[in-house]
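Asker: Numbering (the working numbering), first residue to last: 7 to 169.
Just so you know, even glycine gets a beta-carbon here, dropped at the ideal spot from N, CA and C.
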Amino acid sequence: MVEEEGKRLDIPYINQRWMGGLITNWKQLKLTLDRLNSLKQRRETGQLKKYTKKEQLLFDKEITKLERIVGGIATLKEAPEVVVVFDTHKEKLAVKEASNRGVTVIGLVDSNANPDKVDYLIPMNDDSAKALEIMVRVLGQAIENGMKRIQELKEPRTQDNKK
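1. Indicate whether the contact test is met: 3 or more Cβ pairs, each with one atom in the segment 23-43 and one in the segment 81-94, closer than 8 Å.
2. Excluding the 5 residues flanking Gly146 on each side, which residues of the same chain have their C-beta closer than 8 Å to its C-beta?
3. For Gly113, which three-state DSSP category applies?
4. When the distance is taken between beta carbons, is Val91 closer than 9 Å to Ile112?
5. Touch check for the segment 66-83 and the segment 35-48: three-plus C-beta pairs under 8 Å?
6. Determine the direct distance from the alpha carbon of Ile156 to that of Met130, and round the result to whole angstroms.
7. Could you tell me the alpha carbon to alpha carbon distance between Gly52 and Thr81, rounded to whole angstroms?
8. Measure the alpha-carbon distance for Arg48 versus Lys60 and round it to whole angstroms.
9. So, helix, strand or coil for Leu35, using DSSP?
10. From Lys46 to Glu150, what distance separates their C-alpha atoms?
11. DSSP state of Leu127, grouped into three classes?
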């Protein structure tokens, strides 16, 4: 559900375990993202066809592995300014990293989690699949509305569309 909403809105997402250093070691992560994007681009343009079948298979395996690990954030150009964490207890590292770097943390906080490092907490049972599904949709809609509002504010105002 996170992946679907991320793709629908064309925003970065992580639907696997948080990769340590995503925020605190941005330079290294950026190299990994660049490697993934370079390999994908080379595959799409046929540049990998000049290699042996075995080498092509190794490239394909590397792309698959990188896609699984960082595919949802492949379009990130810089470290995120906000992270939404759906299980703050399980993903303590994500909360800690973001908080330590001054990144805003929006977190779904269950009774078993420490809310201290969460900037905007949403108290809820994060063990309920239905509740998480609803929250993903609600947050997705809020993000979509925010993105539309930003576009409206960027558009030059004419006499006809002044508000």
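Answerer: This is what the structure holds:
1. By the Cβ criterion, the segment 23-43 is in contact with the segment 81-94, since at least three pairs of Cβ atoms, one from each stretch, lie closer than 8 Å.
2. Leaving aside the five residues that flank Gly146 on each side, the residues in its chain whose CB is nearer than 8 Å to its CB run, in chain order, Glu11, Arg14 and Leu15.
3. strand
4. yes
5. With contact defined as three or more Cβ pairs closer than 8 Å, the segment 66-83 and the segment 35-48 are in contact.
6. 29 Å
7. Taking the straight line from one Cα to the other gives about 21 Å.
8. 16 Å
9. If DSSP states are grouped into helix, strand and coil, Leu35 belongs with the helices.
10. 28 Å
11. In the three-state reduction of the DSSP assignment, Leu127 falls in the strand class, which pools E and B.
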